[in-house]
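For reference, the structure discussed in these notes is given below.
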Amino acid sequence: MSEIFEIAYAAATNRLCFFTGTGFSKAVTNNGAPSWQGLLESLCDLLPDADELKKSLFPGDKPSPLSLEEIAQVISIKLTTENKSIHEETAKLIKAIEIGEDNEQVAKFFSERQFRVVTTNYDKLAEELTGESECQSLAPGLPIPRSSANVKVYHVHGSIDSPDNMVITSEDYFKFINGDSYFSRKLSTVLHENTVIILGYSLGDTNLKAIISDYKGFSKTHVIGSNIFLISRSGVDQHVKDYYSHCYGIRVLDNLDIPDFFSELNEKTPKVESIAQRSIDSIRNVVYKGYHFKEAYLKLEDSFYRIVSALSAEGLSLDDERVVAVIGDVIDVKRELTTENNAWEQYEQLARWLIYLGTILEIKGTSIEKVYLKAVLRSMNTMSNRLIIGCSWHAYKAWKHRWSSVMASNRALIKKHVEEKTSDGDALSVVNSI
Numbered sequence: 343m344s345e346i347f348e349i350a351y352a353a354a355t356n357r358l359c360f361f362t363g364t365g366f367s368k369a370v371t372n373n374g375a376p377s378w379q380g381l382l383e384s385l386c387d388l389l390p391d392a393d394e395l396k397k398s399l400f401p402g403d404k405p406s407p408l409s410l411e412e413i414a415q416v417i418s419i420k421l422t423t424e425n426k427s428i429h430e431e432t433a434k435l436i437k438a439i440e441i442g443e444d445n446e447q448v449a450k451f452f453s454e455r456q457f458r459v460v461t462t463n464y465d466k467l468a469e470e471l472t473g474e475s476e477c478q479s480l481a482p483g484l485p486i487p488r489s490s491a492n493v494k495v496y497h498v499h500g501s502i503d504s505p506d507n508m509v510i511t512s513e514d515y516f517k518f519i520n521g522d523s524y525f526s527r528k529l530s531t532v533l534h535e536n537t538v539i540i541l542g543y544s545l546g547d548t549n550l551k552a553i554i555s556d557y558k559g560f561s562k563t564h565v566i567g568s569n570i571f572l573i574s575r576s577g578v579d580q581h582v583k584d585y586y587s588h589c590y591g592i593r594v595l596d597n598l599d600i601p602d603f604f605s606e607l608n609e610k611t612p613k614v615e616s617i618a619q620r621s622i623d624s625i626r627n628v629v630y631k632g633y634h635f636k637e638a639y640l641k642l643e644d645s646f647y648r649i650v651s652a653l654s655a656e657g658l659s660l661d662d663e664r665v666v667a668v669i670g671d672v673i674d675v676k677r678e679l680t681t682e683n684n685a686w687e688q689y690e691q692l693a694r695w696l697i698y699l700g701t702i703l704e705i706k707g708t709s710i711e712k713v714y715l716k717a718v719l720r721s722m723n724t725m726s727n728r729l730i731i732g733c734s735w736h737a738y739k740a741w742k743h744r745w746s747s748v749m750a751s752n753r754a755l756i757k758k759h760v761e762e763k764t765s766d767g768d769a770l771s772v773v774n775s776i
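In structure tokens form, the structure reads like this:
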């Protein structure tokens, strides 16, 4: 999967940040960690009229009239009358959570790699997975360490180490959203500087949506691909994927649970690590010194993924004329390679490259639009759903299987071009499959 390669490349070049929510805590505690609603219900149990209050706040037969933050505010008011603090009581409940079994792959990555964690969780599970000697835990109300560490965990909503500063109630959220704290600024910074992996989070927080939306505008202005992935254990509807992509620049990897994700990442990262610096050196020579990639290199399946990842690592934008020329040359060379005799692997690889580019960059209006569409037409005109001499069945499978991962705007662009330029049944069946 090209996306795993990209994430592994970010890990190998120390540009990876995990953005964790409640689902991550539940995954590493074998569901021992409570959901947000479950936590609020446990807080209700501390009050004398617990059952009546829960029935009022969480009516089973209809939606609650209040958001969870507003419900927390109600509970906070009632706890105050009992001389209890919602922040202190929440910290007590969270401290009781323990790491579960079967976290070998997660713990392996956390203990061996350098990365950042931005979390809305109050617990210290990420720190436990990493090991105290290799990790720094940062939270509002605590001193900010100046030294370096392999892993830094930013608790943007506070942690159990400083209960009074935890963001729980609607009043807390209002202050957080309207404040300009170190942690709100840090969250915005890591989105711009790292490949971000969202684990166990549903984008329900208004402030986080606003920051991610701000990044989306930045990425479009600078014509760079999105660097945000959402990992989902269950399948995600295509309409929802298109929504995430269009509004927040997020690529969704669904039907992938957290242990399997880290298992794939642990397998891929050492391999990528061995070539990461070389690929960065190569992209510098090509972009800055006018060198060209050798055909033998561009015949390799993963060479294009290396190139794109190296461009990102170097901080280069596709808005740069030199970069546009590089991408155009690479796509043109790859297209030409499909004209050689017995170039079956090149047919499939060209399809995969074009699909990948279509998942990370809105093509329309960029300088590579014509080059891209020319290559797409070549790919689709030389693929087949049947075993036909001169046509690639594997290229067809790649387009058919991954068509839904291409950005909606790029699907529309390709569909229009293909319908205008060819009558090939297989090509038309792919572009009209969604």
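In our numbering, the protein residues as written are 343 to 776. Glycine residues also receive a C-beta, built at the ideal position from the N, C-alpha and C atoms. Remember, predicted model here, so these are calculated numbers, not experimental data.
Nearest candidate by alpha-carbon position, reference residue 491, set 757, 472, 649: Translated into the one-based positions of the sequence shown, residue 491 becomes position 149. From the listed residues 757, 472, 649, the smallest Cα separation to residue 491 is found for 472.
As an exercise, report each continuous alpha helix (DSSP H) stretch of at least 4 residues that is fully enclosed by the region 633-672, in chain order. Annotation: the region 633-672 contains the following complete segments of the alpha helix (DSSP H) (minimum length 4 residues), in chain order: 637-640, 645-655.
State the start and end residues of the unbroken beta strand (DSSP E) segment that holds residue 359. Mapped onto the sequence shown, residue 359 falls at position 17. Run containing residue 359: 358-362, per the beta strand (DSSP E) assignment.
How many angstroms separate the CA atom of residue 604 from the CA atom of residue 451? Translated into positions along the sequence shown, residue 604 becomes position 262. Translated into positions along the sequence shown, residue 451 becomes position 109. Answer to the nearest angstrom: the Cα atoms are 7 Å apart.
Please specify which runs of the beta strand (DSSP E), each continuous and at least 3 residues long, are wholly inside the region 439-520, giving them in chain order. Listed in chain order, the complete beta strand (DSSP E) runs (minimum 3 residues) inside the region 439-520 are 457-461, 477-480, 493-497.
Alpha carbon to alpha carbon, how far is residue 762 from residue 686? As a first step, residue 762 is located in the sequence shown; it is residue number 420 there, counting from the start. As a first step, residue 686 is located in the sequence shown; it is residue number 344 there, counting from the start. Straight across, the Cα-Cα distance linking residue 762 with residue 686 is about 26 Å.
By Cβ distance below 7 Å, which residues in the same chain neighbour residue 513 in space, the five residues on each side in sequence not counted? Stepping through the sequence shown from its first residue, residue 513 is reached at position 171. Residues of the same chain with a CB within less than 7 Å of the CB of residue 513, apart from the 5 flanking positions on each side, are 415 in chain order.
Helix, strand or coil, according to DSSP, for residue 765 in the structure here? Here residue 765 corresponds to residue number 423 of the sequence shown, with the count starting at 1. Of the three classes helix, strand and coil, the one that applies to residue 765 here is coil, per DSSP.
Under 8 Å between C-beta atoms of residue 532 and residue 347: Reading the sequence shown from its first residue, position 190 is the one you call residue 532. Reading the sequence shown from its first residue, position 5 is the one you call residue 347. Judged by their CB atoms, residue 532 and residue 347 are not nearer to each other than the 8 Å cut-off.
Can you check the region 357-401 for any beta strand (DSSP E) of at least 3 residues that lies completely inside it and give the ranges in chain order? The region 357-401 contains these whole beta strand (DSSP E) runs: 358-362.
Contact check, residue 369 vs residue 540 under 8 Å by CB: the rounded distance? By 1-based counting over the sequence shown, the position of residue 369 is 27. By 1-based counting over the sequence shown, the position of residue 540 is 198. With a Cβ gap of about 13 Å, residue 369 and residue 540 do not count as contacting.
Determine the DSSP secondary structure at residue 409, reduced to helix, strand or coil. Here residue 409 refers to the residue found at position 67 when the sequence shown is read from its first residue. For residue 409, the secondary structure class from DSSP, reduced to helix, strand or coil, is coil.
Run the CB neighbour count on residue 466, radius 10 Å, all protein chains shown included, and call it buried at 16 or more, exposed below. Locating residue 466 in the sequence shown gives position 124, counting from the first residue. Burial call: buried.
Should the region 618-634 be called in touch with the region 650-660, which here means at least 3 C-beta pairs below 8 Å? Contact holds: three or more Cβ-Cβ distances are below 8 Å.
In chain order, what are the residue ranges of uninterrupted beta strand (DSSP E) at least 3 long that sit wholly in the region 560-607? Restricted to the region 560-607, the beta strand (DSSP E) segments that are unbroken, complete and at least 3 residues in length are 570-573, 592-595, listed in chain order.
For the region 625-632 and the region 584-594, state whether three or more C-beta atom pairs, one from each stretch, are separated by less than 8 Å. Put simply, the region 625-632 does not touch the region 584-594. Fewer than three CB pairs are less than 8 Å apart.
Where residue 676 falls, given that 16 or more other Cβ within 10 Å makes a residue buried: Counting from one through the sequence shown, the residue named residue 676 turns up at place 334. It is buried - the Cβ of residue 676 has at least 16 other Cβ atoms within 10 Å.
Where the alpha helix (DSSP H) through residue 713 begins and ends: In the sequence shown, residue 713 corresponds to position 371, counting from 1. Start and end: 711-723.
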